[in-house]
Structures are given as structure tokens and as C-alpha cells.
Amino acid sequence: MRGPADAYPFPTFSAPVRFGMALLMLLAVVLIDRPAGALIDYGGHLILLATAVMATALFAGTGPALAATVVAAVLGARHDTGTIDAASSMHIALFLVHGLLVTAVVAELRRARRDSEVRAQEAQAAKEDGENAHRMKDEFLSTISHELRTPLNAVLGWVHLLRTGKLDQPTAARGLESIDRNIRLQAQLTTDLLDVSKALTGRLHVDMRPTLLDEAVGQAVMAATPAATTKGVKIEVALSDAGVAVLGDPTRLRQIAWQLLANAIKFSPRGGTVEIAADAFGNDARLIVRDSGRGIDPDFLPKVFERFTQADSSPTRAAGGLGVGLALVHELVALHGGEIEARNREDGRGAIFMARLPLQPRDSVPRSAPVRTTPQMGNAPFLQGLRVLVLDQEPEGRDLLRTVLQHRGASVQTVSSVAEALHCLEAWRPDVLVSDSVSPEHDFYALVGKVQTLDAERGGRIPAVALTSVSRTDERLRGMLADVQRDVPKPVEPSVLTSEIARLTGRERRREQR
Numbered sequence: 104m105r106g107p108a109d110a111y112p113f114p115t116f117s118a119p120v121r122f123g124m125a126l127l128m129l130l131a132v133v134l135i136d137r138p139a140g141a142l143i144d145y146g147g148h149l150i151l152l153a154t155a156v157m158a159t160a161l162f163a164g165t166g167p168a169l170a171a172t173v174v175a176a177v178l179g180a181r182h183d184t185g186t187i188d189a190a191s192s193m194h195i196a197l198f199l200v201h202g203l204l205v206t207a208v209v210a211e212l213r214r215a216r217r218d219s220e221v222r223a224q225e226a227q228a229a230k231e232d233g234e235n236a237h238r239m240k241d242e243f244l245s246t247i248s249h250e251l252r253t254p255l256n257a258v259l260g261w262v263h264l265l266r267t268g269k270l271d272q273p274t275a276a277r278g279l280e281s282i283d284r285n286i287r288l289q290a291q292l293t294t295d296l297l298d299v300s301k302a303l304t305g306r307l308h309v310d311m312r313p314t315l316l317d318e319a320v321g322q323a324v325m326a327a328t329p330a331a332t333t334k335g336v337k338i339e340v341a342l343s344d345a346g347v348a349v350l351g352d353p354t355r356l357r358q359i360a361w362q363l364l365a366n367a368i369k370f371s372p373r374g375g376t377v378e379i380a381a382d383a384f385g386n387d388a389r390l391i392v393r394d395s396g397r398g399i400d401p402d403f404l405p406k407v408f409e410r411f412t413q414a415d416s417s418p419t420r421a422a423g424g425l426g427v428g429l430a431l432v433h434e435l436v437a438l439h440g441g442e443i444e445a446r447n448r449e450d451g452r453g454a455i456f457m458a459r460l461p462l463q464p465r466d467s468v469p470r471s472a473p474v475r476t477t478p479q480m481g482n483a484p485f486l487q488g489l490r491v492l493v494l495d496q497e498p499e500g501r502d503l504l505r506t507v508l509q510h511r512g513a514s515v516q517t518v519s520s521v522a523e524a525l526h527c528l529e530a531w532r533p534d535v536l537v538s539d540s541v542s543p544e545h546d547f548y549a550l551v552g553k554v555q556t557l558d559a560e561r562g563g564r565i566p567a568v569a570l571t572s573v574s575r576t577d578e579r580l581r582g583m584l585a586d587v588q589r590d591v592p593k594p595v596e597p598s599v600l601t602s603e604i605a606r607l608t609g610r611e612r613r614r615e616q617r
């Protein structure tokens with residue numbers, strides 16, 4: 104049996120063995136001393152004992168060395184005469200001091216050696232970590248470059264073909280669908296990266312309130328259906344008739360369900376099936392996603408929720424992705440006070456992801472309007488006669504928003520600075536303000552604060568919409584402005600922006616009443 108002893112920087116023998124080594128070294132001195140006879144005087148005898156103590160300190164450790172010092176002092180005092188006189192006492196005292204000093208010096212040397220070896224190991228580990236981090240950075244940059252360029256390649260290719268004007272109607276429609284799908288994919292990749300960045304810096308927050316897990320699942324299924332249809336994967340949904348209530352952020356819960364669905368679709372073969380279910384089990388609300396793929400490599404299972412990790416990160420891998428989706432799911436589930444696990448199906452026909460969240464009473468969820476899908480531009484509300492002021496520093500952004508809103512009947516004025524916006528507010532009196540949330544020259548929330556200080560006669564106190572790409576604004580300030588502004592994420596869905604403006608200005612309510 105081996106274990107650490109004293110200040111040893113290396114594994115050594117057990118305590119009984121080491122004390123036995125000390126006894127053997129002292130016995131060796133006795134055996135040498137006896138046959139030597141008159142050749143070794145009293146001083147030589149003490150030198151032999153001191154040598155034995157030093158050897159004990161070197162090979163057996165501090166404890167045995169101290170014990171050997173005491174025993175050697177007794178042996179030295181009784182050498183030849185067997186009695187202790189005054190001179191012998193002085194010699195023994197000096198011997199004890201010498202033995203203690205030697206033991207302390209050897210122990211300190213051992214400690215220094217141990218510390219130097221620990222520092223060398225730490226330096227080697229830091230070097231290896233640095234090399235691994237550098238390699239992971241290169242792999243990640245290569246992966247993200249590939250994942251961002253792939254949808255761009257499809258978009259640019261179809262745009263070039265559409266510009267030729269030589270495509271028939273079905274081919275042109277297929278090209279537009281491809282452009283739409285790939286742009287959404289790129290937007291989702293960017294969103295995932297931003298969310299992971301927030302998670303790494305502790306800025307990923309959830310707006311907790313009683314909500315139905317079923318609604319999040321339904322919305323996620325609608326969002327994932329186009330990708331599943333394209334790949335030929337069938338989505339089977341199993342929801343409880345009574346509804347499963349949790350305390351959570353509806354947007355983040357939808358994100359959890361969508362990420363798990365997207366992952367399952369990605370690893371399912373063409374013609375496969377993905378199952379998603381939400382149910383109550385004991386005190387838990389469960390979100391379960393099963394796929395019909397090849398399953399997860401058992402060696403990779405412990406790392407499946409780590410950031411930027413993939414079972415196959417080679418350039419020739421069959422499935423794409425950045426390796427952040429499942430890590431983000433794990434982070435979001437933890438923020439909701441739950442836990443998630445991954446395992447392979449017992450029949451070997453795919454993987455199972457199960458998220459458990461604290462279950463809430465069904466009656467804690469307030470009655471809400473039915474969940475609606477994202478409106479298409481064709482049935483988005485008209486904004487006839489509505490005055491919209493658009494603030495965006497980028498000319499292309501202003502031109503896009505102007506075209507979208509004018510197409511729905513709105514009168515639009517575009518400006519590129521806060522000063523122009525404030526002037527236009529007073530001179531033109533718009534009904535609603537639409538602005539990019541953050542630019543080098545202004546912060547939308549600060550602008551809204553200025554607008555709310557203006558009298559209504561000067562164009563103030565109007566509803567406002569922010570087009571957001573990042574979320575780094577003070578949450579308290581955003582809460583103060585919650586009644587006068589709404590966030591619409593980039594890239595902007597024209598139908599969503601139009602519907603949001605109509606809702607803020609009351610046009611949506613009037614349309615529903617007709």
C-alpha cells in the first residue's frame with residue numbers, strides 16, 4: 104500500500120515500512136560499530152549515527168528521521184561507558200540539534216522539489232490547455248466560416264439565376280423558397296452565437312411567468328416543419344389534453360423545443376420520424392424529443408451538452424452546425440430550474456432528449472388568445488393613412504423599411520440621425536416611430552426617452568418599435584419603456600413588423616372587430 108508521506112513529492116512506502124527503514128539504518132550503524140572496535144572513537148560513532156539520521160531523512164521521510172534522531176541520541180549517550188556524563192550530554196545536545204537541522208533542511212528540499220514539480224505540471228497543463236484552446240478556436244472558426252458560407256452560397260446562386268429572368272415559374276418559386284430557408288438558417292446561427300455569448304458573460308436572462316409548455320411545443324413544431332418537410336422527416340406530436348403548465352419564459356421555452364427538434368431532424372435520415380411530447384410526471388413537466396437516427400456515440404454522451412463540441416468535427420461530417428444548440432438548451436433549462444438528459448433509445452434506433460421542469464398548477468396560467476402563426480405579407484394588416492417615421496443609419500435599411508411600409512399603405516419618412524428624427528417628430532407629427540435599436544450615434548431607448556418628454560403637439564408620446572440585433576441595454580430602462588415601445592428582432596419579418604405597428608396603433612383591433 105502506497106500513499107503520501109511527509110513532504111515527499113513522490114509516492115512512497117507506508118509508515119510502518121518507512122519506520123522499519125529507519126530502524127534498519129540504525130542497526131547498520133551498530134553492526135558496523137561493533138567489529139570496528141577501537142578504530143571508531145566516540146566522535147566517529149556520533150558521525151555514523153548522524154549519517155544514519157540523514158539517510159533516514161532522505162529515504163524514509165521526516166517522521167522516521169525525527170524518531171531516528173532520538174534513538175540515535177540514546178545510543179550515542181550510552182556508547183562504550185553506558186552512562187551519561189556532562190561531556191556526553193553536551194555532545195548529545197549538539198547531536199540532537201544537528202539531527203533536527205538536517206531533517207528540517209532535507210524536508211525543505213523535498214518541499215521545494217515538490218513545489219517545483221507541481222509548478223512544472225501546472226505549466227505543462229497550461230501549455231496543453233493553450234494548445235487545445237488554440238486548436239479549438241481554429242476548428243470553430245473553420246466551422247463557423249463553413250456554416251455561414253453554405254447558406255450564403257445558396258442565396259447568391261439563386262439570386263444570380265433569378266436575375267437572369269430565364270427561370271420558369273416553378274423553378275423561380277423553388278429558388279425563392281431556398282433563399283428564404285437559408286437566410287432564416289443564417290439568422291438562427293447568429294442568434295445562437297449571441298445567446299451563447301450572453302450565457303458565457305452571465306447576461307442570459309429569462310422572463311419567468313406561468314405558461315403552457317404545450318404552446319411552446321406547438322410553436323416550435325410550426326417553426327421546424329419546413330426543415331422537416333424539406334428533408335422528408337415526419338414530426339409526430341403528443342400533447343396532454345389538460346395542458347402542462349410551468350413557470351418559464353415562453354420565448355425561451357419555444358427556443359428549447361425548437362433546438363431539440365432541429366437537432367433531431369438534423370440527425371434523422373430521410374424518411375425518418377421525430378417524436379416530440381410534453382406531459383406531466385409526478386412533480387415534473389417533461390419535454391421529450393426522440394429521433395430515428397443512428398444515436399449518440401457512447402463516448403460522446405458525457406460531452407453532448409458542452410459548448411462548441413461535436414461528435415464529428417471533421418470537414419467531411421454528415422451533419423452541420425456550430426455545436427452550440429444543445430449547450431444553449433442546457434443553459435436555458437438550468438435557468439428554468441430544471442435539468443436535461445440525453446441517452447440512446449433501447450432499440451438502438453435513435454436518441455432521446457428529456458428536459459424536466461418544475462410543474463405548476465394548470466389554473467395558474469391566465470387564459471390567453473390562441474397562438475397564431477407568423478402572418479404572411481399577403482394577409483398582414485394594411486396601414487392606410489398611418490404616418491411612420493423610420494430612423495436607421497444604413498441607407499439600405501431605410502430603403503427596405505420604406506418599401507415594406509409603403510406597400511401596406513403607410514406614409515413613410517426616413518431619417519438617419521437623432522437630430523433629424525426629433526425635427527421630423529415636431530414638423531411632420533408621425534403616428535409611430537420605428538428605429539434601429541443601437542447605432543454608433545444613438546441608442547433607441549435613449550431616443551424614446553427624449554420622445555416621451557415632448558408634448559403631443561410637438562410629436563411626442565407616440566408608440567415606438569425597436570429593431571434589435573443585440574441585447575445589451577439596461578433591463579430597468581427597458582422595463583420603464585415597456586408601455587411605449589416593442590422589440591422586433593433582426594432580420595426583420597415584414598409581416599411581423601407590419602402587424603406590430605398595427606397593434607401598437609390600434610389598427611389590429613379594428614381589423615379584428617370587422
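With the first letter of the sequence shown counted as 1, position 286 gets the number 389 in my numbering; the numbers rise by one all the way through.
Ideal Cβ placement from N, Cα and C applies to all residues, glycine included.
Keep in mind the model is a prediction, meaning the values are calculated, not measured.
Residue pairing for GLU339: DSSP places it in a beta bridge opposite GLU378. The residue from VAL262, PHE384, ILE455 with its alpha-carbon nearest to that of ILE391 is ILE455. Of the residues assessed, VAL173 falls on the exposed side of the cut-off, its CB having fewer than 16 other CB atoms within 10 angstroms. Assignment of GLY202 by DSSP, reduced to helix, strand and coil, places it in the helix class. The way I'd put it, the region 429 to 444 doesn't touch the region 319 to 337; fewer than three beta-carbon pairs between them come closer than 8 Å. Under the three-state reduction of DSSP output, GLY398 falls in the coil class, being neither helix nor strand.
Unbroken beta strand (DSSP E) runs of no fewer than 3 residues, entirely contained in the region 478 to 521, are found at 490 to 494, 514 to 518, following chain order. Taking the C-beta atoms as reference points, SER343 is found no nearer than 8 Å to GLY375. By the C-beta density criterion, ILE135 is exposed, having fewer than 16 other C-beta atoms within 10 angstroms. Nearest to LEU264 by alpha-carbon distance, out of LEU279, VAL591, VAL521, LEU251, is LEU279. Under the three-pair Cβ rule at 8 Å, the region 151 to 159 counts as touching the region 204 to 212.
If you draw a straight line from the Cα of HIS433 to the Cα of HIS249, it comes to about 25 Å. Per DSSP, reduced to three states, the secondary structure at ARG452 is coil, with no helix or strand assignment. In the three-state reduction of the DSSP assignment, GLY166 falls in the helix class. Between the region 488 to 497 and the region 525 to 541 there are three or more C-beta pairs closer than 8 Å, enough to call the two in contact. Here LEU244 is exposed. Its C-beta has fewer than 16 other C-beta atoms within 10 Å. ARG121 is positioned such that its CB atom lies closer than 8 Å to that of GLY164.
Residue range 353 to 370 is occupied by the alpha helix (DSSP H) that includes ILE359.
A contact between stretches requires three or more CB pairs, one per stretch, nearer than 8 Å, and the region 591 to 609 meets this requirement with the region 503 to 518. A residue is called buried once 16 or more other Cβ atoms fall within 10 Å of its Cβ, and GLY351 is buried on that count. Ranking ALA331, SER371, LEU303, ALA381 by CA distance to the CA of ASP317 puts ALA381 first. In this structure, the beta-carbon distance from VAL340 to LEU462 does not fall below 8 Å.
Pairing PRO401 with ALA360, the inter-Cα distance amounts to about 24 Å. If you draw a 10 Å sphere on the C-beta of PRO353, you find 16 or more other C-beta atoms in it, and that means buried. Partner residues in the beta bridge of ASP387, as assigned by DSSP, are PHE384, PRO461. Beta-bridge analysis with DSSP links PRO313 to LEU350. For ALA445, the enclosing beta strand (DSSP E) begins and ends at 442 to 447. Minimum Cα-Cα distance from VAL595 among the listed residues HIS237, ALA275, GLN291 corresponds to GLN291.
When the Cα atoms are used, ARG465 and ARG532 turn out to be separated by approximately 46 Å.
The C-beta distance from ARG306 to GLY335 rounds to 39 Å, too long to fall under 8 Å, and the pair is not in contact. Residue pairing of VAL392 in beta bridges, as defined by DSSP: ILE379, PHE456.
For ASP283, the enclosing alpha helix (DSSP H) covers residues 272 to 303. In the displayed model, ASP218 falls within a helix according to three-state DSSP.
If you look at ARG606, you'll find it in the alpha helix (DSSP H) that goes 597 to 607. Under the three-state reduction of DSSP output, ARG564 falls in the coil class, being neither helix nor strand. When DSSP states are grouped into helix, strand and coil, ASP344 belongs to the coil group.
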